[in-house]
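Per the UniProt record's numbering, the sequence shown starts with residue 1, numbered consecutively.
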Amino acid sequence: MKLALFDLDNTLLDGDSDHAWAQFLIEEGVLDGPEYTTRNEWFYERYKDGTLDIAQFLEFQLAPIANRPRAQLDAWHREFMQRKIRGMILPAAPALIAKHAKDTTAIVTATNRFITAPIAAELGIPNLLATDIEEVDGVFTGKPRGTPTFREGKIKRVDEWLAAQGRRLSDYAESWFYSDSLNDLPLLERVTNPVAVDPDPTLRAHAVKRGWPVMSLRP
């Protein structure tokens with residue numbers, strides 16, 4: 001058995017999907033542009049430098065979708081896919097995914113499931129481990145549910161997902177995790193084939209030191 005795990009943002013996508021979602025809502029007039037952009041950029045910098053407080057970020061990130069009719073959110077997301085996401089899919093990403101067509105595959109991302117589920121479907125990856133959102137009567141509350149799929153949380157979520165199938169990561173003769181981010185070092189350390197994809201400077205240095213493959217999906 002073989003397992004291939006993929007980070008999403010800045011790995012398979014040329015950019016960050018939750019950052020793009022915020023920009024989309026600003027363009028739609030749903031959010032105040034200057035104020036929200038400043039805060040969004042601040043969180044994005046904390047993510048990139050490895051100091052992000054995930055609970056604080058999720059409180060900020062999930063607030064715009066809280067208590068809104070699902071039909072409205074879904075309509076926005078369809079437009080978001082067309083206007084933002086399809087153009088962000090890196091040209092070489094489909095070929096990398098196809099390389100693992102015979103393997104068990106999953107996206108493992110900190111970005112919430114509402115944003116990422118249609119993206120995973122677009123990419124043809126059947127399994128998605130993403131930060132889940134609390135719902136009451138089909139309406140998002142704006143609070144995360146369970147363990148956020150971030151840093152060590154990615155390991156926990158992968159372990160739980162495999163355990164539900166009666167499996168463990170060690171059951172796979174070969175396992176891959178493709179990521180760009182220093183935040184994914186915990187899970188990269190756990191697989192048999194860690195791969196740095198267009199990595200940030202910290203991950204690149206770590207990959208070179210450890211002899212991990214470094215690849216690019218960008219033109």
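Even for Gly, the Cβ is constructed at its ideal location relative to N, Cα and C. Keep in mind the model is a prediction, meaning the values are calculated, not measured.
Backbone CA spacing between residue i and residue j [nearest angstrom]
i	j	result
GLY87	LEU217	14 Å
GLU174	GLN61	35 Å
TYR178	ASP7	6 Å
PHE140	LEU3	32 Å
PHE43	GLU27	19 Å
PRO64	GLY33	13 Å
LYS143	ASN193	34 Å
ASP200	HIS206	10 Å
Distance CB(residue i)-CB(residue j) smaller than 8 Å
i	j	result
ILE155	ARG210	no
ALA93	LEU123	yes
ALA130	ARG113	yes
TRP176	ALA196	no
ILE115	SER17	yes
ASP159	MET1	no
ILE119	ALA106	no
TYR47	ASN183	yes
residue 230	ASN67	Nothing about residue 230 can be reported from this structure: the residues present for the chain run from 1 to 219 only.
Supposed close pair residue i, residue j - CB separation, criterion 8 Å
i	j	result
LEU31	ILE89	Actually they are not in contact, since the Cβ atoms of LEU31 and ILE89 sit about 25 Å apart, beyond 8 Å.
THR202	GLY50	7 Å
VAL108	LEU5	5 Å
GLY153	THR147	5 Å
Simplified DSSP assignment, three categories, for residue i
i	result
LYS84	helix
GLY153	helix
ARG218	coil
GLU189	coil
TRP176	strand
PRO194	strand
LEU3	strand
residue 235	For the chain, the structure presents residues 1 to 219; residue 235 sits outside this window and is missing.
PRO199	coil
GLU28	coil
Minimum Cβ-Cβ distance from residue i to chain B less than 8 Å
i	result
ASP159	Judged by its chain identifiers, the structure shown contains no chain B, having just a single protein chain.
Hey, which unbroken runs of the alpha helix (DSSP H) at 4 residues or more fall wholly within the segment 61-113?
Runs found: 70-80, 93-99.
Restricting to runs no shorter than 4 residues, where is the alpha helix (DSSP H) found entirely within the segment 110-150?
Runs of the alpha helix (DSSP H) lying entirely within the segment 110-150 and spanning at least 4 residues, in chain order: 113-123.
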